[in-house]
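439 is the number of the first residue of the sequence shown in this note's numbering; add one for each residue after it.
Even glycine gets a Cβ: it sits at the ideal position worked out from N, Cα and C.
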Amino acid sequence: MIGGNGGWLDRLKRGLGRSSSKIAGGITDLFTKRKLDAAAIEELEELLITADLGVATSARLAAEFAKTRFGKEVDADEVKGALADDIAAILEPVAKPLILDPGKSPHVILVCGVNGSGKTTTIAKLAGQYRKQGLSVVLAAADTFRAAAVEQLQIWGERAGCPVVSANLGADAAGLAFDALNRARDEGADVLIIDTAGRLQNRKDLMGELQKIVRVIRKLDDSAPHDCVLVMDAGVGQNAHSQVEVFREMVEITGLVLTKLDGSARGGVVVALAEQYGLPIHAIGVGETMDDMRPFEANAFSRALMGLED
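Rendered as structure tokens:
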């Protein structure tokens, strides 16, 4: 996945503007030269909870901050700086780019997520970035129940210069994935990315479909999929936890991509997810263009979340 920071840090800071305004603004209101007493610690903890960092993580961060400072005067900048460092320490172990295995031809990425999470757009961005690296990519439109998803993937595939394997509406998703893997192998493609359905209202059917896709493609490659990425809209806040739980019951999730961080004040959920599940966070998105999704960087994210300069 492409790195390159030209302007990205500015976009990240702007994208996290609503989240940082909630947290950093709240800290400024709380700590304009104030003694760190029990009430201040409790208020800090409550602020972090409302910013979607989760109850356990918020309590731990507040307690950690108070450990060496209780009873002393602190100001907002000190609080933000210390929290940014502690949050970066939580995020660092999970900040892992999506690495392709050159020994796999193709490297198969199964992409899951509820409808509306930004799944198809994420696939397009991944494909576009891999194409820029000179890799050949095949896309599989295995969300066969939504015509819009297939059309969207075909449009993005055309833009990125990637063939898209599709079928009639309602066709067997596993059969399509099998055909796509066959084609990718025949063409010597480097990467196959499989889009999937996300209709959680019928959880049992979706589970059966995803598990069937995995079973069927393993007839061609018993190590596939090599990555199973869950794409989530960060704007859902604490509901992101239930999405992780649900999809982990269905397939073996190997990593996360968090989208739409620019559209909400709930970026703190990234920290809560990292602490609770320890799943790799491969990338985050802060906009619609190809360059608005980049590999996740712990320090850059934590400082942007606190409204601090890098």
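- Nearest to Gln649 by alpha-carbon distance, out of Glu690, Glu683, Val709 and Ile631, is Glu690.
- Contact between Arg456 and Gly725 is ruled out by a C-beta separation of about 13 Å, above the 8 Å threshold.
- For Thr470 and Val517, the gap between their C-alpha atoms comes out near 11 Å.
- The three-state reading of DSSP puts Leu746 in coil, since its state is none of H, G, I, E or B.
- The shortest CA-to-CA distance from Leu577 to any of Leu644, Val654, Pro601 and Pro663 is the one to Pro601.
- With contacts defined by Cβ atoms closer than 7 Å, Val669 and Gly551 form a contacting pair.
- With respect to the C-alpha of Asp730, the residue from Leu564, Leu491 and His545 having the closest C-alpha is Leu564.
- Between the region 700-707 and the region 530-549, the count of C-beta pairs closer than 8 Å stays below three; the two stretches do not touch.
- Secondary structure remark: continuous beta strand (DSSP E) runs of at least 3 residues inside the region 601-647, in chain order: 629-633.
- Boundaries of the alpha helix (DSSP H) harbouring His679: Asn677 to Met688, taken from the DSSP string.
- Ranked by Cα distance from Ala580, the first of Gln639, Ala522, Val652 and Asn640 is Val652.
- The shortest CA-to-CA distance from Gly463 to any of Ala478, Leu447 and Leu485 is the one to Leu485.
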